[in-house]
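As given, the protein sequences belong to chains A and B, one line each in that order.
For what it's worth, UniProt numbering labels the leading residue of the first sequence as 1, then goes sequentially.
For what it's worth, UniProt numbering labels the leading residue of the second sequence as 1, then goes sequentially.
Where is the CB? At the ideal position from N, CA and C, for every residue including glycine.
If you're wondering where the values come from, they're calculated on a predicted model, not measured in any experiment.
Below is one structure; the comments refer to it alone.
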Amino acid sequence: MEELILAIVKPLVDHPEQVIIEEKTEGSKAIYRLSLHPDDIGKVIGKHGRIAKAVRTIATAAANAAHQKKVYVEIAE
Amino acid sequence: MKEVTVVGQTVEEALQSALKQLQATEEQVEIDILDEGKKGILGLFGRRPASLKVRMKADPIREAKSYILSIAAHLGVHPDIQVKRQGKKVFFSLSGEKIALLIGKRGQTLNALQQLTQLVINRHSNDFIQFQLDAGDYRKKREETLTALAKRMAEKVETAGKTIRLEPLPAAERKIIHAALAGNRRIDTFSEGTEPKRYVVIAPKSK
Numbered sequence: 001m002e003e004l005i006l007a008i009v010k011p012l013v014d015h016p017e018q019v020i021i022e023e024k025t026e027g028s029k030a031i032y033r034l035s036l037h038p039d040d041i042g043k044v045i046g047k048h049g050r051i052a053k054a055v056r057t058i059a060t061a062a063a064n065a066a067h068q069k070k071v072y073v074e075i076a077e
Numbered sequence: 001m002k003e004v005t006v007v008g009q010t011v012e013e014a015l016q017s018a019l020k021q022l023q024a025t026e027e028q029v030e031i032d033i034l035d036e037g038k039k040g041i042l043g044l045f046g047r048r049p050a051s052l053k054v055r056m057k058a059d060p061i062r063e064a065k066s067y068i069l070s071i072a073a074h075l076g077v078h079p080d081i082q083v084k085r086q087g088k089k090v091f092f093s094l095s096g097e098k099i100a101l102l103i104g105k106r107g108q109t110l111n112a113l114q115q116l117t118q119l120v121i122n123r124h125s126n127d128f129i130q131f132q133l134d135a136g137d138y139r140k141k142r143e144e145t146l147t148a149l150a151k152r153m154a155e156k157v158e159t160a161g162k163t164i165r166l167e168p169l170p171a172a173e174r175k176i177i178h179a180a181l182a183g184n185r186r187i188d189t190f191s192e193g194t195e196p197k198r199y200v201v202i203a204p205k206s207k
């Protein structure tokens, strides 16, 4: 899942080397916290969070396909 | 990204050897001249070869393809991609096994993938490219479903004389509804609400 999120996000940003993901598990949730270069945060969130939503949609599709836990993708400020 | 640094007697000579190494034509590459070189006096003294850095220009379609394939691979799907280009519009059509995984419920996954790829393709293109992604004949079937729904709802509006609000739909799908009912003079269609919850309203024509 981490690799998938990196594959989605890295080509969208200007500083792919600064994309970092931290994974935590809380009960039945798998949470992926993304840290980005400050200039890239807006790119990954998009207008009205549209891009972030698209990223979550694909992460959810992958979790369903692999019968994994519910996935949450967060973007660190 | 493929890149070579070359030296030659002249800039032109260096460029030719770079193109040979990259197996590319001049239009496919970007060139940085590091040193123009010097002929020297009588071609003997103070002579310096020309040196260049030559790299393959990004090809937006190639980048978009590899983006989709890398995401699909993480979902365990390895689709074939058919590419169509019409001026500023680029269409990709996915086919192969397990394609349904890339479509998702009501095309959610497909629309997300389309949106993200649209960004990637335009990062690598100077002109704005409008990108559409299809899988199997999903978009065509969806258009048929939406057109049928539009006609059915329009009939209801006409007979009951009441306004009907449809479920929220993405812009491209709302357009299908409007287009399907554009010829009907007994009703009006318009959209209400804000994205992503914008929806079509079908109303009896006010007299």
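Would you say residue i faces chain B, with C-beta separation under 9 Å as the test?
| i | result |
| --- | --- |
| Ile-75 (chain A) | no |
| Leu-12 (chain A) | yes |
| Lys-53 (chain A) | yes |
| Ile-41 (chain A) | no |
| Glu-17 (chain A) | no |
Is the distance from the Cβ of residue i to the Cβ of residue j below 9 Å?
| i | j | result |
| --- | --- | --- |
| Gly-76 (chain B) | Leu-94 (chain B) | no |
| Ala-69 (chain A) | Ala-63 (chain A) | The residue you asked about is not Ala; residue 69 (chain A) is Lys in the sequence shown. Contact flag set, yes. |
| Leu-12 (chain A) | Ile-75 (chain A) | no |
| Pro-60 (chain B) | Ile-121 (chain B) | yes |
| Glu-77 (chain A) | Ile-31 (chain A) | no |
| Ala-150 (chain B) | Leu-181 (chain B) | yes |
| Glu-195 (chain B) | His-48 (chain A) | yes |
| Leu-34 (chain A) | Val-19 (chain A) | yes |
Where does residue i sit, in a helix, a strand or coil, going by DSSP?
| i | result |
| --- | --- |
| Met-1 (chain A) | coil |
| Thr-117 (chain B) | helix |
| Gln-82 (chain B) | strand |
| Thr-163 (chain B) | coil |
| Glu-13 (chain B) | helix |
| Thr-109 (chain B) | helix |
| Val-9 (chain A) | helix |
| Ala-35 (chain A) | In the sequence under discussion, the amino acid at residue 35 (chain A) is Ser, which differs from the Ala named in the question. In the structure shown, Ser-35 (chain A) sits in a strand (DSSP, three-state: E or B). |
| Ile-99 (chain B) | coil |
Kindly say whether residue i, judged by its beta-carbon, lies nearer than 9 Å to any beta-carbon of chain A.
| i | result |
| --- | --- |
| Gln-191 (chain B) | Sequence check: residue 191 (chain B) is Ser here, not Gln. For Ser-191 (chain B), the answer is no, since every Cβ of chain A falls outside 9 Å of its Cβ. |
| Ser-70 (chain B) | yes |
| Asn-126 (chain B) | no |
| Val-120 (chain B) | yes |
| Gln-108 (chain B) | yes |
| Ala-180 (chain B) | no |
| Leu-102 (chain B) | yes |
What residue does the beta strand (DSSP E) around residue i start on, and which one ends it?
| i | result |
| --- | --- |
| Asp-14 (chain A) | Neither: Asp-14 (chain A) is in no beta strand (DSSP E) and is coded neither H nor E. |
| residue 210 (chain B) | Outside the displayed span of chain B (1 to 207) sits residue 210 (chain B), for which this structure offers no information. |
| Pro-204 (chain B) | 199–204 |
Does the stretch 77–89 of chain B come close enough to the stretch 141–148 of chain B that 3 or more CB-CB pairs lie under 8 Å? no
With three or more C-beta pairs closer than 8 Å as the rule, is the stretch 47–64 of chain B touching the stretch 2–21 of chain B? In short, these stretches touch, since the Cβ pair count reaches three.
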